[in-house]
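Number of protein chains: 4
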Amino acid sequence: MIVTMQPGATLKEITAVIRTLEGFGAEPSISRDCGCTLITAVITKTPIEQHLLRGLSGVRDVHEDVHPFKRVSRDYHPEDTVIEAGAAKFGGGGFGVIAGPCAIEDEDQINAVARHVAAQGAKGLRGGAYKPRTSPYAFQGLGVPGLRMMRDAADAHGLAAVSEVMSISQVGDAVEYLDVLQVGARNMQNFDLLREVGRTDKPVLLKRGPSSKLEELLLAAEYIVDAGNPRVILCERGIRTYETATRNTLDIAAVPVVKQLSHLPIVIDPSHAAGKREYVKALTLAALAVGADGVMVEVHPDPSKALSDGRQSLHFDEFSELMSEVRRLAEFRAPVSV
Amino acid sequence: MIVTMQPGATLKEITAVIRTLEGFGAEPSISRDCGCTLITAVITKTPIEQHLLRGLSGVRDVHEDVHPFKRVSRDYHPEDTVIEAGAAKFGGGGFGVIAGPCAIEDEDQINAVARHVAAQGAKGLRGGAYKPRTSPYAFQGLGVPGLRMMRDAADAHGLAAVSEVMSISQVGDAVEYLDVLQVGARNMQNFDLLREVGRTDKPVLLKRGPSSKLEELLLAAEYIVDAGNPRVILCERGIRTYETATRNTLDIAAVPVVKQLSHLPIVIDPSHAAGKREYVKALTLAALAVGADGVMVEVHPDPSKALSDGRQSLHFDEFSELMSEVRRLAEFRAPVSV
Amino acid sequence: MIVTMQPGATLKEITAVIRTLEGFGAEPSISRDCGCTLITAVITKTPIEQHLLRGLSGVRDVHEDVHPFKRVSRDYHPEDTVIEAGAAKFGGGGFGVIAGPCAIEDEDQINAVARHVAAQGAKGLRGGAYKPRTSPYAFQGLGVPGLRMMRDAADAHGLAAVSEVMSISQVGDAVEYLDVLQVGARNMQNFDLLREVGRTDKPVLLKRGPSSKLEELLLAAEYIVDAGNPRVILCERGIRTYETATRNTLDIAAVPVVKQLSHLPIVIDPSHAAGKREYVKALTLAALAVGADGVMVEVHPDPSKALSDGRQSLHFDEFSELMSEVRRLAEFRAPVSV
Amino acid sequence: MIVTMQPGATLKEITAVIRTLEGFGAEPSISRDCGCTLITAVITKTPIEQHLLRGLSGVRDVHEDVHPFKRVSRDYHPEDTVIEAGAAKFGGGGFGVIAGPCAIEDEDQINAVARHVAAQGAKGLRGGAYKPRTSPYAFQGLGVPGLRMMRDAADAHGLAAVSEVMSISQVGDAVEYLDVLQVGARNMQNFDLLREVGRTDKPVLLKRGPSSKLEELLLAAEYIVDAGNPRVILCERGIRTYETATRNTLDIAAVPVVKQLSHLPIVIDPSHAAGKREYVKALTLAALAVGADGVMVEVHPDPSKALSDGRQSLHFDEFSELMSEVRRLAEFRAPVSV
């Protein structure tokens, strides 16, 4: 951290900055030969509150020179983290496909989807038992019975079960029935929930919030890892912008950015990004080419009857076609390093 | 709701749409004299999933003609809702001022602030006992001891105590110590938490999420009201945009928009919007003139030592000056009706 | 400017940075006592390309410590600039109101508006003779005949004539007929046009681009001032965000931010920000309270028949009511200083 | 277009809407059997101003059911448009690569780049002779001498010359020296310039504005086509969002969206999107996989000395590596249809 003092800063002001930095356990050094005074602090255990320094008299600017996250940083752990959950694997060069309906509706539905996506090469089964809905009047999910249906369907077809937990009270049941706990975009900064899933031994699929910076996504992952669970799979699902042609704007560059900053795997959710099924295949192929570690795709036996998000769910034959192209492209995927 | 069928839609396709609408309890009517077929459904108890209709064969477009919220809508309740919490009052033409530090740090700090802001005319005392922090390594708040300090300070100076609850587990203590439960921006769509505060009898101050639409804010309020608690105070605190001159972009038009759509009171948080104390007074006066029902402002005895958000906290004398101008302007505030 | 070298930077790399800075006319100084090498350059006449420095081997980060604009900066010219254009005045504590239709449609229309708005206290008459339209098939304006109609109407009622120039070829006629040349939001970075209006002796009303940062707005103004024309009135008209309840999101904080950084006056366009007439009055009062130097408002004798933007144009009686409240509030406007 | 009247709309109000629509040349039809009155107008030659209809008394809502553009629409011209410019070809399944420096600096520089990129398989040479710069103090380009250098370099290496025109006055020279006229992002809605390039017989590469919707990009293209020039290549170069990890947010979904709506080819500019050279290769491969018709990439013999945008320019060896992966992936590109 570098604190730049204003040109006429007094000795008293400079001393105050040094005392403050020392209060954080730093051993600051000063340099005065460059027109203005610079005070530099090497990293300390305690995080230094920049706001506090900025508020001091005589301070002109404060520059942070290190990333605010540690455990998820590639500096801290240079090799890629590879996460296995049942049959599914994320990181290490493969391309894991998770597929399934937006919401678990009944046994027949989840079974039919599991059978189809497993046959096509998916390794994970998605499906919501608890649905975060913008409106209190929309379908809210089946709860634990839904988790049980998902477990059975996943077991029957050799898939990893992936589903969202929306609150701490759901984590216990989720751990019992699932292979991967998903934290949804709306909960990316629900810090108590992050810590709670961080205390389990299940991989966590952490979705980026719709207006979160990538640095904030990595800090949210840091909460989970810091609580004891190193197995976090990041998920880019589109951010909110002014463009309305798609439901969200897929930030495809998130993949090389995250790969540069962190060792954690990152997957793409093309369905929520696009919001329309006709764009899902193209975005999946882009995810593969850009170097993502997988995708999570919505598939439904009859999207026109889906209780939620039918507009973006693939029909079975569309999913088959997508997987066929994924297989073709995957063979020739260049190992993307950044 | 109006469903427009494609020009060549078959009778079978039209029938499927009608059946689907009937499945939601609607009694749809058809009109075919205008080149294409239109199917209209009056509002039903069950919300109609537009996605489902859009997914049907032969459907060209679906238009919603009613707002998706009900209880918070002005259509449902034309008069302004007035909410009283101790000495503070929101709605009905007044301008309630809530002030205090970002975080409760110790008894002296919260008491000093309470004394000062009460003397200047504030009616509510804010201060965080639980702090949602982007980084797991930042100061996380004092918890219940902080709530107790706040209760004592508020009582000593005749103020309403306002503080954030971040999770369901904190609601019990919060109800014991507080007059107003705040739901923070990051939790605006933490639906379980919304329902939980909706089961209490305390007014709720609900902050808009940094990338939430106003319609989504109203739907989040609907969750609380629907759970049994009609006393929701909305709070605009700036949205996330590309502009970096301020911490967030204050959406001042949120006030007339919300006043048109809803009967609930709305206050402005100029401190989080600006991110810099030198803009807080100007934004507060704008809030007053635009017709807001109050503001929530950060004040600290010594912002340079604040444990969080010092850069945007007012010094005592700055708050005094702000209140002096608020009083002057308030006398002449035009009753803004939209 | 401060260049921070990477910890292990070689002497050769450090020398390369120094040579580069010297190439820009700077006399850099070095400090090495703080764990890493810092190279500092005081401001030079030639702007230093940060990208170039960032691209050099061994460089860790480059920090700019000065604003990139000069002539429009308050550092350069501490007192407020006051701009007079006919009867209208911007800066210096007043609140100038410019009003008129989106487009000049015919003599009767522009005359009727001029008469009404002058009677209510407006000092400027707006109206487009050239209309930038997103679609090539929309009404494109009357051109020079429109300018003549505006000149006559403005003269008849003692108003300053304000209208947009969209290209260099229109500047000659505009100078002949107008008192203030408006550069529209879409042309904020049409640098040739900025230079051309900078060579005239007419005040320029420069609208912020819908996705421009305030710093970019000030740099665009710098183009005009640098070309020889110091009379630039800035205009905030809302930025593009994800929110759809209003046409744009009015960035009300632009006023205190610009007042802090620059000596130029700034006005608000509540009509384009809101996009709906029912919000225009509230936003105008906010503009007044926040410290803006004026507003530009759309008024039409019969908005339902307006050839463009009718939805956001005020009826005559609505404008009268707005002006009545402006007068009341203006009396008590606190001199907002930041 | 469908106009929905309010429930209690009077006959007079309904008649007024019909008259208005008839004024646009439409033959509206009415349907009244569905609780509210709907008035429908089939498409007319004259565009119908929705604002005008919305402003009429008794109107509840107006729905547009057709795209506002025509000539660029796939409805109007179902087959892909293929555009050839010298050796370069866009559309029809290939992947055209345009490469070169941000700005033409001197003969040696542009020649060295041309030689290298041609050897690696690029078909177009980019380079700015006129540079739109946010600051009036930054390098502004070489002008016509730069165009001549580019022409010579392009001819010597069999490349198509691609460069930006910033104003109408530059179009004449540009037509003389270039194969493709580029309209930059800041000028996407400089309508006079669009019409001017629309009157030439050179292909136009039209870049999306940093806050433009895809519909607006297509409408800007419509201006060019409507002026007589059907050869428009669209270019997605990232949009402005709150994320700062990259210079802009590449909207990769623009490709399938545009392919669905329009017959025009679309290329990606990964350099301006990323802003950092280390992400350019990954984004180029994503562009290829998603179905784009090409890319435009910045390459410089010595990015550390580039007069602009050095941070995002590739070194020669990085470009060679990129092309090698492009060739590998292109062989197996699935024909992406949407």
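Chains as they are written, first to last, in our numbering: chain F, 236 to 573; chain C, 236 to 573; chain B, 236 to 573; chain D, 236 to 573.
Where is the CB? At the ideal position from N, CA and C, for every residue including glycine.
The structure displayed is predicted, hence computed values, not measured ones.
Proximal residues of chain C, C-beta to C-beta of residue i below 8 Å
i	result
threonine 476 (chain D)	Tyr477
Where residue i meets chain F, residues with beta-carbon distance less than 9 Å
i	result
glycine 526 (chain D)	Ala517, Leu520, Ala521
CB contact check: residue i to chain C, cutoff 8 Å
i	result
phenylalanine 426 (chain F)	yes
aspartate 486 (chain B)	yes
valine 492 (chain B)	yes
glycine 545 (chain F)	yes
lysine 280 (chain D)	With a pLDDT of only 48 at lysine 280 (chain D), under 50, the local geometry of the prediction cannot be trusted, and the value read off the model is given with reservation. Chain C contact via Cβ: absent.
Buried/exposed call for residue i, threshold 16 Cβ in 10 Å
i	result
aspartate 310 (chain D)	exposed
threonine 255 (chain C)	buried
glutamate 560 (chain F)	buried
glutamate 314 (chain C)	exposed
alanine 212 (chain F)	Summary: the structure shown does not reach residue 212 (chain F), with chain F confined to residues 236 through 573, and so no result is reported for it.
leucine 564 (chain D)	buried
proline 500 (chain D)	buried
serine 398 (chain B)	buried
arginine 434 (chain B)	exposed
phenylalanine 554 (chain B)	buried
glycine 582 (chain B)	The shown model of chain B, from 236 to 573, leaves out residue 582 (chain B), and the question about it has no answer.
arginine 181 (chain B)	Lying before the first or after the last residue shown, residue 181 (chain B) is absent from chain B, which here runs from 236 to 573.
leucine 246 (chain B)	exposed
glutamate 533 (chain C)	buried
glycine 363 (chain B)	buried
Cβ of residue i within 8 Å of any chain F Cβ
i	result
arginine 383 (chain C)	no
proline 313 (chain C)	no
alanine 508 (chain D)	yes
leucine 287 (chain C)	yes
Interface residues of chain B facing residue i [CB-CB closer than 7 Å]
i	result
glutamine 495 (chain C)	Glu513
glycine 378 (chain D)	Going along chain B, no residue has its Cβ under 7 Å from glycine 378 (chain D), so there is no contact; the nearest lies around 12 Å.
Closer than 7 Å at the beta carbon, the chain F residues around residue i
i	result
leucine 291 (chain C)	Ser539
Amino acids of chain D, ordered along the chain, whose beta-carbon sits closer than 9 Å to that of residue i
i	result
lysine 448 (chain F)	Tyr477, Glu478, Thr479, Ala480
Minimum Cβ-Cβ distance from residue i to chain B less than 8 Å
i	result
proline 263 (chain D)	no
valine 573 (chain C)	Any reading at valine 573 (chain C) must be qualified, since the residue scores a pLDDT of 41, below 50, and its modelled position is unreliable; the value itself is stated next. Closer than 8 Å: yes.
Cβ separation of residue i and residue j, assumed to be a contact under 8 Å, to the nearest whole Å
i	j	result
alanine 353 (chain B)	glycine 393 (chain B)	6 Å
arginine 595 (chain D)	arginine 472 (chain D)	Past the edges of chain D, shown from 236 to 573, lies residue 595 (chain D), and the structure says nothing about it.
arginine 386 (chain B)	alanine 395 (chain B)	Not really, about 11 Å apart at Cβ, beyond 8 Å.
leucine 557 (chain F)	threonine 519 (chain F)	6 Å
Residue-level contact to chain D via CB, residue i, 8 Å cutoff
i	result
histidine 498 (chain B)	no
glutamate 553 (chain B)	no
Amino acids of chain C, ordered along the chain, whose beta-carbon sits closer than 7 Å to that of residue i
i	result
proline 660 (chain F)	Because chain F in this structure spans residues 236 to 573, residue 660 (chain F) falls outside the shown range and cannot be described.
Where residue i meets chain D, residues with beta-carbon distance less than 8 Å
i	result
proline 505 (chain B)	Ordered by position in chain D, no residue passes the 8 Å Cβ test against proline 505 (chain B), which lies about 17 Å from the chain.
Chain A contact for residue i (CB, 8 Å cutoff)
i	result
proline 371 (chain F)	In the structure shown, chain A cannot be found, because the protein chains are F, C, B and D.
Looking at chain B, which residues of the segment 236-252 of chain F have a Cβ within less than 9 Å of any of its Cβ atoms? Correct list: Ile237, Thr239.
Residues in the segment 400-424 of chain C with C-beta within 7 Å of chain B's C-beta atoms, listed in sequence order? Within the segment 400-424 of chain C, no residue has a Cβ that lies closer than 7 Å to any Cβ of chain B.
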